[in-house]
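In full-length UniProt numbering, the protein residues as written are 1 to 194. Have a look at the structure below, then the notes.
The structure is reproduced here in structure tokens:
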């Protein structure tokens with residue numbers, strides 16, 4: 001009988017060792033499942049970025065201007081109907097041109113000639129030192145203003161100083177504000193600085 005008691009005394013210890021191993025093994029499995037779950041989640045998120053749901057895509061993809069620039073507008077610049085756009089890149093470069101609502105586009109045939117006459121006076125409030133490039137293609141191809149004023153038909157590229165930009169930005173409208181203004185048919189007082 002003492003042998004039977006000994007065997008029974010060892011059995012609980014033997015059962016305790018496998019239980020500890022089982023718990024450790026179970027924890028390992030849970031960790032692996034967690035890692036697999038995280039990897040699956042990351043794969044799923046990556047898949048959503050790379051292959052978005054077609055129902056959520058816009059009908060037309062955003063243009064490079066919409067993706068890379070903040071759009072501002074100077075309505076009625078210098079005189080009524082002279083609407084201009086300023087596309088500002090995060091690096092500070094600004095592309096300036098005639099907005100689609102500019103009075104030059106309302107005439108039959110649109111723009112037929114371009115002449116850059118840059119004088120010494122600074123009417124726009126932007127320091128002339130900031131002027132990097134004038135779109136000289138417009139002299140030979142003025143039709144670019146009619147066909148793509150917001151792309152190849154830009155007027156100039158400028159790089160205003162940050163302090164100058166903040167002053168000018170205060171007088172500009174965002175795209176949303178500009179659309180509301182033009183939908184209402186409003187014409188602002190002229191921004192003459194003379």
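Don't be surprised by glycine CBs; every beta carbon is placed ideally from N, CA and C.
For residue 134, the three-state secondary structure derived from DSSP is strand.
The three-state secondary structure of residue 143, taken from DSSP, is helix. Ranked by Cα distance from residue 176, the options 68, 63, 72 are led by 72. If you ignore the 5 residues before and after residue 137, its C-beta comes within less than 8 Å of the C-beta of 144, 152, all in its own chain and listed in chain order.
Per DSSP, the continuous alpha helix (DSSP H) segment holding residue 176 begins and ends at 175-183. Within the model, the alpha-carbon separation for residue 82 versus residue 59 is close to 31 Å.
Collapsing the DSSP output to three states places residue 63 in coil. Its chain contains 97, 98, 99, 100, 102, 105 as the residues whose beta carbon lies nearer than 8 Å to that of residue 149, once the 5 sequence neighbours on both sides are disregarded; these appear in chain order. Here residue 70 carries a strand assignment [DSSP, helix/strand/coil].
In the three-state reduction of the DSSP assignment, residue 168 falls in the helix class, which pools H, G and I.
Between the C-alpha atoms of residue 76 and residue 47 there is a straight-line separation of about 47 Å.
Sorting 115, 133, 55, 74 by C-alpha distance to the C-alpha of residue 93 places 133 at the top.
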